[in-house]
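**Q** Encoded as structure tokens, here's the structure I'll be asking about.
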Amino acid sequence: MPKFKSVLIILLFITLTGLAVFAIEQKMMSIQVKNGAVRSSPSFLGKIVDQLKYGDRVAVKNVKGSWYFIDRPEGSTDGWMHSSALSMKEIVLNPGTSDAEQAASSDEITLAGKGFNQQVENDFKSKNPQVDFTWINKMEKMTVSQNQIQAFIKEGQLSPKGGE
Amino acid sequence: MDKSSRRKFLSLACKWGILSLGGAPVLSSFISGCKTLDTLAQSGPSFQIGDVVVDTKAIAKETQVVTKSFEDITPEQEYYIGRTVGAMILQKYPPYSNPAAEGYINVMGQMLAQASDCPETYGGYHFLIQDSDEINAFAAPGGFIFLTRGMLRCCPQEDAVAAVLAHEIGHVQYKHGLRAIKQSRVTSALTALAIKGTKKYGDEDLAKLTETFEGSISDITKTLIVNGYSRSFENQADLAAISILQRTGYNPNGLVMMLNQMKIQLKPGRQDFAATHPSPDSRLAEIQKYIGNYSAVKSPQARQDRFKASLGRI
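Protein chains in written order, with this note's numbering: chain A, 25 to 188; chain B, 14 to 327.
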């Protein structure tokens, strides 16, 4: 009987440890865009309360459709982020050789700036000088504030229904 | 490639025996929508085309491998691909510089993009009008969206402009541009080279990567400008547009209104929207399955006024 008890305890321990590890692995995510919007509610209509940067790590506390309620260990504003801004992988911003080795054998790490990057674009430009990027750069500078969007909705008498 | 062409191709492919391990990745680059095969796989272990029995489980297994490598294109890399594809599109039609129209399109576009299923891309969404009478619109990966003055002239109201932008956002959301890249390039760029090295690539690796990059840009640009997407991709983008329009409070009949106007204005034989998209009639038939028969779009006066003020002289 004591043998049975100890087997039971060991089994319980393994299960709980497994659950804990699973929970921790599920919770941490990375921002995979330059600026990820944190909103006050799980909708595109929610007010933007914070912006997180590429590679920032966040803990996911809750999920509603495509929206994740996130919390940052450093203590900045909590809120909802859309899944398109988040990656399950850890994003290494300035990868070294050991990161590259680790990434080669792991599905859980992404190296920032690898593959098609600024260096490749520059090489492409030197080989194709006729391709002009002036307006692409100008396009990227055309930014729109949330206030402008709110005013646009109001002026146009739009009644957004929200969505996931 | 539409569904019937795909089936024909699949049938021939089976006969040629290229569904072996080595041939599957090549084949999958032609079958751009993996969902087709997933659906087939779910319907049973095999199906028959003529006298050839296809093992769907085996295909689905191969497709999964392919899908994984496709998904390994990070949003950051998608952004660099999109920048260059955008620059190539601007070689065909130059920009139309008009700050009022540009501002109007960008505020509307941002609002629509935020309501899509992919509101966040690495560098965000950006919209530009092109100086051409031809009717055309393009979405480069990552959210660089272009539309010609000719296209805007097919839009009698703001709801129709919103429909055009939402359709292009749909292409970005589904990563249709990236799916036009040949599978062999994705594999070579993202498996070995993408994870090599530390800070900068050496000359040899950089040359290889740039070559793959150039090839990828060419695959996408040819699809956007010359061949067009498959009918099913266009249908997906139309359905995404309907969903975005409904979420933001626009009338989805804006899309119908635009397509009806386009029917009048399209000139057969030109290398524009007519050459790269299914006919407006076939798109209308698909769209109306979801939103029912056309009911006239009535924009509030204030919405119509700002539309005229921004695009009235386009």
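Each residue gets a CB set at the ideal place from its N, CA and C atoms; glycine is no exception.
Report the CB separation of residue 175/B from residue 297/B in whole angstroms; it is logged as a contact under 8 angstroms.
**A** 17 angstroms between Cβ atoms; not a contact.
**Q** What's the C-alpha gap between residue 96/B and residue 253/B?
**A** Roughly 23 angstroms between the two C-alpha positions.
**Q** Rounding to the nearest angstrom, what Cα-Cα distance links residue 311/B and residue 177/A in this structure?
**A** Going from the Cα of residue 311/B to the Cα of residue 177/A covers about 16 angstroms.
**Q** Taking the C-alpha atoms as reference points, what is the distance between residue 118/A and residue 217/B?
**A** Taking the straight line from one Cα to the other gives about 22 angstroms.
**Q** May I have the straight-line CA-CA distance separating residue 93/A from residue 186/B, to the nearest angstrom?
**A** So the alpha carbons of these two residues sit roughly 22 angstroms apart.
**Q** Pull up the CB-CB distance for residue 148/B and residue 181/B, whole angstroms please, since I reckon it's below 8 angstroms.
**A** That belief does not hold up - the Cβ atoms of residue 148/B and residue 181/B are roughly 14 angstroms apart, past 8 angstroms.
**Q** Relative to chain B, which residues along the segment 131-148 of chain A have a C-beta separation below 8 angstroms, given in chain order?
**A** Flagged, chain order: 134, 135, 136, 137, 138, 139, 140, 141, 142, 143, 144, 145, 147 and 148.
**Q** Could you check whether the segment 167-181 of chain A touches the segment 138-157 of chain A, counting it as contact only if at least three pairs of C-beta atoms, one from each stretch, sit closer than 8 angstroms?
**A** No: the two stretches stay apart, fewer than three of their Cβ pairs being nearer than 8 angstroms.
**Q** Around the Cβ of residue 326/B, are there at least 16 other Cβ atoms within 10 angstroms (buried) or fewer (exposed)?
**A** Exposed, since its Cβ has fewer than 16 Cβ neighbours within 10 Å.
**Q** Starting from residue 81/A, trace the beta strand (DSSP E) in both directions and tell me its first and last residue.
**A** Residue 81/A -> beta strand (DSSP E) spans 81-88.
**Q** Please decide whether residue 120/B counts as near chain C, where near means a Cβ-Cβ distance under 8 angstroms.
**A** Among the chains of the structure shown, chain C does not appear; the protein chains present are A and B.
**Q** Would you kindly report the start and end of the unbroken beta strand (DSSP E) that includes residue 109/B?
**A** Where residue 109/B is concerned, there is no enclosing beta strand (DSSP E), given that its DSSP letter is neither H nor E.
**Q** How is residue 60/A classed by DSSP in three states: helix, strand or coil?
**A** It is a strand residue.
**Q** Could you check if residue 145/A is buried or exposed, using at least 16 other CB atoms within 10 Å of its CB as the buried criterion?
**A** With 16 or more Cβ atoms within 10 Å of its Cβ, residue 145/A is classed as buried.
**Q** Is the segment 156-166 of chain A close to the segment 88-102 of chain B, with three or more CB pairs under 8 angstroms?
**A** Yes, the segment 156-166 of chain A touches the segment 88-102 of chain B.
**Q** Could you check how far apart the C-beta atoms of residue 144/B and residue 108/B are, in whole angstroms? I think they sit under 8 angstroms.
**A** That pair is a contact at about 7 angstroms.
**Q** Among 128/B, 153/B, 114/B and 301/B, which residue has its Cα nearest to the Cα of residue 162/B?
**A** Nearest of 128/B, 153/B, 114/B and 301/B to residue 162/B, Cα basis: 114/B.
**Q** Can you pull out the residues from the segment 266-284 of chain B whose beta carbon lies closer than 9 angstroms to at least one beta carbon of chain A?
**A** So the list is empty, because no residue satisfies the distance condition.
**Q** With the cut-off set at 8 angstroms, would you say residue 90/B and residue 140/A are in Cβ contact?
**A** Contact flag set, yes.
**Q** From the beta carbon of residue 163/A, is the nearest beta carbon of chain B less than 8 angstroms away?
**A** Residue 163/A counts as touching chain B.
**Q** Give me the subset of the segment 161-173 of chain B whose CB atoms are less than 8 angstroms from a CB atom of chain A, sorted by chain position.
**A** The segment 161-173 of chain B vs chain A, Cβ under 8 angstroms: 171.
**Q** Between residue 48/A and chain B, is there a C-beta pair that is closer than 8 angstroms?
**A** Because residue 48/A sits at a pLDDT of 47, beneath the cut-off of 50, its placement in the model cannot be relied upon, and the following sentence gives the value as read from the coordinates. No, no contact with chain B.
**Q** With DSSP collapsed to three states, give me the class of residue 150/B.
**A** Reduced to three states, the DSSP call for residue 150/B is strand.
**Q** Candidates 247/B, 271/B and 126/B: which alpha carbon is nearest residue 69/A's?
**A** If we check each option's Cα against that of residue 69/A, 126/B comes out closest.
**Q** Does the Cβ of residue 31/A have 16 or more other Cβ atoms within 10 Å, making it buried, or fewer, making it exposed?
**A** Under this definition residue 31/A is an exposed residue.
**Q** Within 8 angstroms (strictly less), CB to CB, does residue 195/A reach chain B?
**A** Beyond the ends of chain A as shown, which are 25 and 188, falls residue 195/A; an answer cannot be given.
**Q** What residues from chain B crowd round residue 76/A, counting only those whose CB sits closer than 7 angstroms?
**A** Chain B residues near residue 76/A: none, gap ~11 angstroms exceeds 7 angstroms.
**Q** If you reduce the DSSP assignment to three classes, tell me which class residue 303/B lands in.
**A** Helix at residue 303/B.
**Q** Report the rounded CA-to-CA distance for residue 65/A versus residue 90/A, giving the unit in angstroms.
**A** Each residue's alpha carbon lies about 12 angstroms from the other.
**Q** Could you give the first and the last residue of the continuous alpha helix (DSSP H) run that contains residue 234/B?
**A** From DSSP, the alpha helix (DSSP H) with residue 234/B extends over 216-235.
**Q** Compute the distance between the beta-carbons of residue 233/B and residue 193/B, then report whether it is under 8 angstroms.
**A** Result yes, Cβ atoms of residue 233/B and residue 193/B sit closer than 8 angstroms.
**Q** Just how far apart, CA to CA, sit residue 173/B and residue 267/B?
**A** Spanning the two alpha carbons is a distance of roughly 4 angstroms.
**Q** Closer than 7 angstroms between beta carbons: that is the criterion. Which residues of the segment 89-101 of chain B meet it against chain A?
**A** Result list: 89, 90, 93, 94, 96, 97, 99, 100 and 101.
**Q** Which residues, taken in chain order from the segment 131-161 of chain B, show a beta carbon closer than 8 angstroms to some beta carbon of chain A?
**A** Result list: 131, 132, 133, 134, 135, 136, 137, 139, 140, 141 and 157.
**Q** Between 183/B, 110/B, 94/B and 221/B, which lies nearest to residue 122/B when the distance is taken from Cα to Cα?
**A** If we check each option's Cα against that of residue 122/B, 183/B comes out closest.
**Q** Could you tell me the boundaries of the alpha helix (DSSP H) in which residue 77/A lies?
**A** Looking at the DSSP string, residue 77/A is not in any alpha helix (DSSP H); the run it does join, the beta strand (DSSP E), is 72-77.
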